[in-house]
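Per the numbering used here, the very first residue in the sequence shown carries number 1; after that it's consecutive.
Glycine residues also receive a C-beta, built at the ideal position from the N, C-alpha and C atoms.
The block underneath contains the structure these notes are about, expressed in structure tokens.
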Amino acid sequence: MVRELIHDPILLGRKSAPAGEEDLQTARDLLDTLAAHRETCVGMAANMIGVCKRIIAFDNGGTPMVMLNPEIVKQSGEYETEESCLSLLGGPRKTKRYEKIKVRYQTMELEVRLKTFTGWTAQIIQHEVDHCNGVLI
């Protein structure tokens, strides 16, 4: 189900709680909401649809992907960039990102995975993990 986007910086600034099996419908809703905004958005965190759980959905090279409880465990190649956010008003803001990241997360089947991402996909994941941590650009 496509959910309404949240723009409240107080809610978006809260750290999200771990996600579990009871949050799988939220993950599906997040994918639906991302698909509905695909023209202007490449990633979303659950708090963007009003649920403060550690769930992200993003475009992984043309294929939508969901991560529950994502944690960046390794990073390299720091650079500065500018990003916008569908939940925040105003133009792009400066931020630091890493070219290469390793992420530990759970799949929709609650299986733990460890995967390395680079480039644009790594940048999207970092932005969404920031949302889970209550960090706004």
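query                                                                                                                            : result
Sequence ranges, beta strand (DSSP E) only - wholly within the stretch 93-130, length at least 3                                 : 93-106, 112-118
Beta-carbon contacts of residue 53 that lie in its chain and below 7 Å, excluding the five residues immediately before and after : 16, 17, 19, 23, 26, 46
Cα-Cα separation, residue 122 to residue 99                                                                                      : 7 Å
Assumed close pair residue 79, residue 97 - CB separation to whole angstroms, cut-off 8 Å                                        : 6 Å
Proximity of residue 86 and residue 5 at Cβ, strictly below 8 Å                                                                  : yes
DSSP-derived helix/strand/coil call for residue 138                                                                              : Outside the modelled stretch of the chain, which goes from 1 to 137, sits residue 138, for which no answer is possible.
Closest by C-alpha distance to residue 101, when choosing among 112, 90, 129, 95                                                 : 129
Reduced DSSP category for residue 68 - H, G, I as helix; E, B as strand; rest coil                                               : strand
Exposed unless 16 or more other CB atoms sit within 10 angstroms - verdict on residue 48                                         : buried
Alpha-carbon spacing of residue 94 relative to residue 1, whole angstroms                                                        : 33 Å
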